[in-house]
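In the numbering used here, the protein residues as written are 21 to 226. Cβ atoms here follow ideal geometry from the backbone N, Cα and C, with glycine treated the same way. Given the structure is predicted, the values throughout are model-derived calculations rather than measurements. Working notes for the structure below.
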């Protein structure tokens, strides 16, 4: 059976003000360590899907997104340095309790899985998350935030972003206009498969 490209878990939180919705989502996102359980289950499911066989000089990144901004986030653009997403990137990410969105980015050459995707938050800022998942060397995660439309404009220099990604660590954090983005890339579970978690958070009323 073919793998589903995007998985959505849970029911979004839609009642209350944006701040109330964000607070409810933030409190619930990892209750009883459920968020990490979903990530680990997805990683091992992917490992089982390939039969536990090392896929050679490529890598797969299982990306988990969690929206605790109080509003629906919308896809803006993407950039693939190496590899590609399986299917399509999720177009919307709802704010919500246990509303986790998971997709896979698959490497196609010896550089592994190296990509980025951008989502708009509250029509006031764009959040860019990027991952570097090479087969046999240090994995890195990077994020930043900018004005809406920036990452689709001539002003965006993806070479500069790539350099920042390569020089980053396994975690990264950025804040803008009352919102914060946090990303983490995890050690591989085997077969060239690694997990990457991105959290989008409302800091206060904006």
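Residue i, buried or exposed, once every other Cβ within 10 Å from all chains shown has been counted against 16
i           : result
residue 159 : buried
residue 143 : exposed
residue 183 : exposed
residue 214 : buried
residue 91  : buried
residue 187 : exposed
residue 107 : exposed
CA-to-CA distance, residue j to residue i, given in whole angstroms
i           : j           : result
residue 86  : residue 102 : 24 angstroms
residue 79  : residue 145 : 31 angstroms
residue 125 : residue 81  : 5 angstroms
residue 104 : residue 216 : 15 angstroms
residue 51  : residue 173 : For residue 51, the pLDDT reaches just 49, beneath the cut-off of 50, and the residue's location in the model is therefore unreliable, although a value from the coordinates is still provided. If you take the alpha carbons of residue 51 and residue 173, they lie about 39 angstroms apart.
residue 152 : residue 141 : 24 angstroms
residue 93  : residue 161 : 20 angstroms
residue 171 : residue 209 : 32 angstroms
residue 176 : residue 219 : 23 angstroms
residue 166 : residue 196 : 7 angstroms
residue 83  : residue 123 : 5 angstroms
residue 164 : residue 147 : 6 angstroms
residue 185 : residue 89  : 24 angstroms
residue 96  : residue 157 : 30 angstroms
residue 5   : residue 137 : Lying before the first or after the last residue shown, residue 5 is absent from the chain, which here runs from 21 to 226.
residue 131 : residue 139 : 25 angstroms
residue 100 : residue 181 : 12 angstroms
Cβ-Cβ distance between residue i and residue j below 8 angstroms
i           : j           : result
residue 204 : residue 149 : no
residue 179 : residue 135 : no
residue 206 : residue 222 : no
residue 155 : residue 212 : yes
Identified DSSP bridge partners for residue i
i           : result
residue 199 : 196, 222
residue 164 : 148
residue 100 : 135
residue 93  : 113
residue 153 : 133
Min CB distance residue i to chain B below 8 angstroms
i           : result
residue 185 : In the structure shown, chain B does not exist; there is a single protein chain.
(message) Would you call the region 187-201 in contact with the region 108-117, where contact means no fewer than 3 C-beta pairs closer than 8 angstroms?
(response) Taking 8 angstroms as the limit for Cβ pairs, the verdict is that the region 108-117 does not touch the region 187-201.
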